[in-house]
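Colleague: In the working numbering, the protein residues as written are 61 to 290.
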């Protein structure tokens, strides 16, 4: 059985998705509006990308910049619409005004996902207590991944936290996969692989011309080789 690490790439449209798959991505995070760090794409955009590729698609559920939930009813409705359109994987995560997990909002949305797999995104990097957040979310249906840099400032600052959390894998709250993203560079990869971290998430690193340009299959392929240890 293959145990290769997961490479997830942010995609804004079908062209991004095709290039990412061609470069060796295992999965895509689908968003719009990167000026707000990634919001929920339309059902039409999801459907177009779904028709263009055959790798996993995780759809962002987020309508506002920042990590507060905002209109939870709208998030629930949208989650149901995306599920009806065939979405089976999602990304979400919300905090309350004190830096704790907004458990009510998260539970309502997860209920609408009907068992679909989901990632708790980088809201964890802004949490007042990462360990407490993990313990509160432990056991929620479908939660299989934490997207994190270990710090709100990125992987450079967060590396010690990432390695410490990787060492706790298997403990309550630490079963989900660590998907490292946020200021991630190729030179971080060997250290992360050495600690058996097997999830990598890139956005701007897949776009040589920045967010105004498309995903480059060649850039994704470079990451694929590095993650595969080639």
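The beta-carbon is built from N, C-alpha and C at its ideal position, and this holds for glycine as well.
Per DSSP, residue 206 forms a beta bridge with which residues?
Modeller: 180 and 238
Colleague: To the nearest angstrom, how far is it from the Cα of residue 148 to the Cα of residue 101?
Modeller: Between residue 148 and residue 101, the C-alpha separation is close to 15 Å.
Colleague: What does residue 120 pair with, by DSSP beta-bridge criteria?
Modeller: 151
Colleague: In whole angstroms, give me the CA-to-CA distance for residue 88 and residue 116.
Modeller: 6 Å
Colleague: Whole angstroms is fine: what's the gap from residue 108's alpha carbon to residue 170's?
Modeller: 24 Å
Colleague: What are the boundary residues of the beta strand (DSSP E) that includes residue 90?
Modeller: 87-90
Colleague: Which first and last residues belong to the beta strand (DSSP E) in which residue 265 is found?
Modeller: Looking at the DSSP string, residue 265 is not in any beta strand (DSSP E), and its letter there is neither H nor E.
Colleague: Could you name the residues of the same chain whose beta carbon sits closer than 7 Å to that of residue 190, not counting the 5 residues immediately before and after it, in chain order?
Modeller: Same-chain partners within the cutoff: 184.
Colleague: What would DSSP say about residue 169, mapped onto helix, strand or coil?
Modeller: helix
Colleague: What is the DSSP secondary structure of residue 61, counted as helix, strand or coil?
Modeller: Bear in mind that the predicted position of residue 61 carries a pLDDT of just 37, short of 50, making it unreliable; the figure below should be weighed with that in mind. If DSSP states are grouped into helix, strand and coil, residue 61 belongs with coil.
Colleague: Where does residue 79 sit, in a helix, a strand or coil, going by DSSP?
Modeller: helix
Colleague: Report the option in 220, 262 and 204 whose CA atom is closest to the CA atom of residue 238.
Modeller: 204
Colleague: Would the beta-carbon of residue 133 be found less than 6 Å away from any heavy atom of the ligand ATP?
Modeller: The ligand content of the structure shown is nil, which means the ligand ATP is not present either.
Colleague: Per DSSP, which residues does residue 67 bridge with? Please list them.
Modeller: 260
Colleague: How about the region 244-261 and the region 216-233: do they share at least three Cβ pairs that are nearer than 8 Å?
Modeller: Counting Cβ pairs under 8 Å, three or more are found: they touch.
Colleague: In three-state terms, what does DSSP make of residue 136?
Modeller: helix
Colleague: Would you call residue 288 buried or exposed, if buried means 16 or more other Cβ atoms sit within 10 Å of its Cβ?
Modeller: The Cβ neighbour count for residue 288, taken over all protein chains shown within 10 Å, is under 16; the residue is labelled exposed.
Colleague: According to DSSP, simplified to helix, strand and coil, what is residue 99?
Modeller: Strand at residue 99.
Colleague: How about residue 77 and residue 71: do their beta carbons lie closer than 7 Å?
Modeller: yes
Colleague: Does DSSP put residue 161 in a helix, in a strand, or in coil?
Modeller: strand
Colleague: Distance, Cα to Cα, residue 119 vs residue 90?
Modeller: Annotation: residue 119 to residue 90 spans about 5 Å, alpha carbon to alpha carbon.
Colleague: Leaving out five residues on either side along the sequence, give the residues of the same chain with a beta carbon under 7 Å from the beta carbon of residue 211.
Modeller: Result list for residue 211: 185, 217, 218 and 221, in chain order.
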